[in-house]
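Asker:
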Amino acid sequence: MKSLLRVALFLSVTAAATGCGKKSSEGDPAAAPPPPTTAQPAAPTPTAPAPTPPPAPAAPTTPDKAQVAALFKPLPANFDDAAAPPSDAMVALGQQLYFDTRLSKNQDVSCNTCHALDKFGVDGLATSKGHKGQLGTRNSPTVLNAAGHFAQFWDGRAATIEEQAKGPVLNPVEMAMLDDAHVVAVLKSIPDYAAAFGKAFPGQPDAVTFDNMAKAIGAFERKLATPGPFDKYLAGDEAALSDDAKHGLAVFMASGCTGCHTGPLLGGTMYMKTGLTAPYADTTDTGRFAVTKVETDKFMFKVPSLRNVAKTAPYFHDGKIADLPAAIREMGKLQLGKTFTDDEVKWIGAFLDSLTGEVPAALVTAPKLPKSGPKTPKPDPS
Ligand code: HEC
Ligand code: HEC
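Residue numbers for the sequence shown follow our numbering, so the first one is 40 and each next one is one higher.
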């Protein structure tokens, strides 16, 4: 292990030395310092005067093309299961259900209330308002591109977007429906839904089920992919990013943000502790620990996607970080032990802006909903 580290160190040092065309003593592996054993810098001895820190290296200016290609991928057109893409009928039904407030107890909350598709899939609040205006404890993440995450929720407690869709309908502080049988009774009381479920799930004699509701909503969400300027850049269009954004991309990579925010979504591929190099200010939410009860999962959260992040303030699982510059500085401090200059924050911000994409207007617009029938319950404010 130690010799492997030595080799790695040697390779990187020689590479750097060859890069600038001269061979310094640092190129000699025997002279290389031993690899550090902890992430913390060694404490200065009280007697020795503090060494003058070396001047900060100049910020990288151009992103390395091969590195960019290895770390990121363009967004797919959608997140359909390629082996069994959904029918248009299923997606259209899912869109209606997504916007239908009759899936809530007081018929005033829909998925779109907290994940407004005309606001990049969020509500802009620190924590969302559900049934009777009750506040939840976590910030609403965007539904845009969410189907591409390896797991759902800040703590990953649902595996798929379809499984996730059942949660909010029955959550007492969100849509507050009594149980799944009640949801099915409401759906069955709306005459045109029977036909729509029949078309979406052909061959099923009793197609109006809680499971099928979630499948249809999931099929709709799988269409919410938002390619943007960064995808054009990845495809070779140099003009798609401003100079500031390219600068920001280089700093984003060189600083190590890509250790966690990588792949087509720049996130959504792993859990990580919030507060690796400094503790996060509010430790009331233990994150994934609440799901697994495993000590090492304390303060582990799903690394969020950074797609459309410029449009989804406020930030973090508790919505306590107000704006993007603050989120960038906070990440430097909490995850990398870095303090960014104002310029670096500006450049990273310009890069994150290039992740703002577009959803087809037809998917974002509220569809016409089927009329209630005589047996459809009335709103219940209790
Ligand atoms: C009252 C507000 C509210 C309503 C209504 C609501 N959600 Fe959410 N949603 C949230 C919050 C808050 C979270 C994060 C909760 C957590 O991680 O513990 C969330 C998480 C999600 C996620 C996970 C995204 C990710 O990045 O992990 C998806 C997908 C989602 N909701 C879809 C839906 C759908 C579909 C509906 C309708 C059936 C819905 N939501 C209704 C507030 C809401
Ligand atoms: C060690 C892993 C890790 C590294 C490195 C990292 N992040 Fe994060 N990032 C996370 C996690 C985990 C969260 C969720 C934090 C929370 O809500 O508790 C997050 C959240 C964010 C958010 C807020 C997203 C939202 O929707 O609330 C932004 C913006 C962000 N990171 C940008 C960056 C930038 C820029 C860098 C580099 C300076 C960076 N991150 C480095 C893991 C990381």
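Ideal Cβ placement from N, Cα and C applies to all residues, glycine included.
With respect to 7 Å, is the separation between the Cβ of Lys-168 and the closest non-hydrogen atom of ligand 1 below this value?
Answerer: It does: the Cβ of Lys-168 is within 7 Å (strictly closer) of some heavy atom of ligand 1.
Asker: Residue ranges of each alpha helix (DSSP H) run of no fewer than 4 residues wholly in the region 253-341, ordered along the chain?
Answerer: Entirely contained in the region 253-341, the alpha helix (DSSP H) runs reaching 4 residues are, in chain order, 268-273, 282-294, 328-331.
Asker: So, for Ala-239: in the same chain, excluding its five sequence neighbours on each side, which residues have a beta-carbon less than 6 Å away from its beta-carbon?
Answerer: Hits under 6 Å: Ala-128, Met-129, Leu-132, Ala-255.
Asker: Beta carbon of Ser-179: closer than 7 Å to some heavy atom of ligand 2?
Answerer: No, the Cβ of Ser-179 stays beyond 7 Å of every heavy atom of ligand 2.
Asker: Please confirm whether Phe-355 and Asn-178 have their CB atoms less than 8 Å apart.
Answerer: Taking 8 Å as the Cβ cut-off, Phe-355 and Asn-178 qualify as a contacting pair.
Asker: If you follow the alpha helix (DSSP H) that Phe-390 is part of, which residue opens it and which one closes it?
Answerer: Here the alpha helix (DSSP H) through Phe-390 covers 381-392.
Asker: Could you check if Phe-138 belongs to the surroundings of ligand 1, using beta carbon to heavy atom distance under 7 Å?
Answerer: The answer is no for Phe-138.
Asker: So what's Val-403 in DSSP terms, helix, strand or just coil?
Answerer: Correct three-state label for Val-403: helix.
Asker: With H, G and I counted as helix, E and B as strand and the rest as coil, what does DSSP make of Val-182?
Answerer: In this structure, Val-182 counts as coil in the three-state DSSP scheme.
Asker: Ligand 1 and Lys-144: does the residue's C-beta get closer than 7 Å to at least one heavy atom of that ligand?
Answerer: No, the beta carbon of Lys-144 sits no closer than 7 Å to any heavy atom of ligand 1.
Asker: Between which two residues does the alpha helix (DSSP H) carrying Gly-133 extend?
Answerer: Run containing Gly-133: 127-138, per the alpha helix (DSSP H) assignment.
Asker: Nearest-angstrom Cα distance between Thr-325 and Ala-278?
Answerer: If I take the Cα positions, the gap works out to 43 Å.
Asker: Going by the beta-carbon positions, is the gap between Pro-214 and Gly-257 smaller than 8 Å?
Answerer: It is worth fixing the name first, because residue 214 is Met in this sequence and not Pro. No, these two residues do not count as a Cβ contact at 8 Å.
Asker: Within 10 angstroms of the Cβ of Val-208, are there 16 or more other Cβ atoms? Answer buried if so, exposed if not.
Answerer: Burial call: buried.
Asker: Helix, strand or coil: which one does DSSP assign to Ile-360?
Answerer: Strand.
Asker: Looking at the structure shown, is Gln-374 part of a helix, part of a strand, or coil, going by DSSP?
Answerer: Residue state, collapsed to three classes: helix.
Asker: From Pro-244 to Leu-164, what does the alpha carbon distance come to, in whole angstroms?
Answerer: Whole-angstrom Cα-Cα distance: 42 Å.
Asker: Going by the beta-carbon positions, is the gap between Gly-195 and Tyr-319 smaller than 8 Å?
Answerer: Cβ distance not < 8 Å, so Gly-195 and Tyr-319 don't count as in contact.
Asker: Is Gln-213 near ligand 1 - that is, is its Cβ less than 7 Å away from at least one heavy atom of it?
Answerer: Here residue 213 turns out to be Glu, not Gln, going by the sequence shown. Correct: Glu-213 has its Cβ closer than 7 Å to ligand 1.
Asker: Only counting the same chain, and skipping five residues up and downstream in sequence, which positions put a Cβ closer than 7 Å to that of Ala-284?
Answerer: Same-chain partners within the cutoff: Ala-389, Phe-390, Asp-392, Ser-393.
Asker: When the Cα of Gly-302 is compared with those of Phe-269, Ser-281, Leu-174, which residue comes out closest?
Answerer: Among Phe-269, Ser-281, Leu-174, the Cα nearest to that of Gly-302 belongs to Phe-269.
Asker: When we look at the beta-carbon of Ala-109 and count the other beta-carbons within 10 Å, is it buried (16 or more) or exposed?
Answerer: With fewer than 16 Cβ atoms within 10 Å of its Cβ, Ala-109 is classed as exposed.
Asker: Using 7 Å as the cut-off, classify the Cβ of Lys-158 as near or not near the heavy atoms of ligand 1, replying yes or no.
Answerer: Answer for Lys-158: no, Cβ out of range of ligand 1.
Asker: Verify the contact flag: Pro-115, CB atom, against every heavy atom of ligand 1, threshold strictly below 7 Å.
Answerer: Not so, every heavy atom of ligand 1 lies at least 7 Å from the Cβ.
Asker: Could you please give the first and the last residue of the uninterrupted alpha helix (DSSP H) stretch that includes Tyr-232?
Answerer: Segment 230-239, the alpha helix (DSSP H) holding Tyr-232.
Asker: Between the Cα of Thr-395 and the Cα atoms of Phe-118, Leu-280, Lys-410, which residue gives the shortest distance?
Answerer: Per the Cα distances, Leu-280.
Asker: Which whole-angstrom value describes the C-beta separation of Leu-402 and Gln-134, a residue pair presumed to lie in contact below a C-beta threshold of 8 Å?
Answerer: Yes, they are in contact, since the Cβ atoms of Leu-402 and Gln-134 sit about 7 Å apart, within 8 Å.
Asker: Going by C-alpha to C-alpha distance, which of Leu-304, Pro-124, Gly-314 sits closest to Gly-371?
Answerer: Answer by Cα proximity: Gly-314.
Asker: In the DSSP assignment, find the alpha helix (DSSP H) that holds Leu-110 and state where it starts and stops.
Answerer: Its alpha helix (DSSP H) spans residues 104-110.
Asker: Just to confirm before moving on: does the CB-CB distance between Gly-267 and Glu-369 stay below 8 Å?
Answerer: No. Outside cutoff.
Asker: What did DSSP end up calling Lys-171 once you bin it into helix, strand or coil?
Answerer: Lys-171: helix per DSSP, three-state reduction.
Asker: For Lys-350 versus Phe-159, is the C-beta distance shorter than 8 Å?
Answerer: Yes, they are a contact pair.
Asker: Can you name, in chain order, every residue of its own chain whose Cβ lies under 8 Å from the Cβ of Asn-251, other than the five neighbours on each side?
Answerer: Cβ within range, chain order: Phe-236, Ala-239, Phe-240, Gln-243.
Asker: Beta-carbon within less than 6 Å of Gly-287's beta-carbon, same chain only, minus the 5 sequence neighbours each way: which residues are those?
Answerer: Answer for Gly-287: Trp-386, Ile-387, Ala-389, Phe-390, listed in chain order.
Asker: How is Gln-203 classed by DSSP in three states: helix, strand or coil?
Answerer: Here Gln-203 sits in helix by DSSP.
Asker: Is the beta carbon of Gly-187 less than 8 Å from the beta carbon of Phe-118?
Answerer: The answer is yes: Cβ separation under 8 Å.
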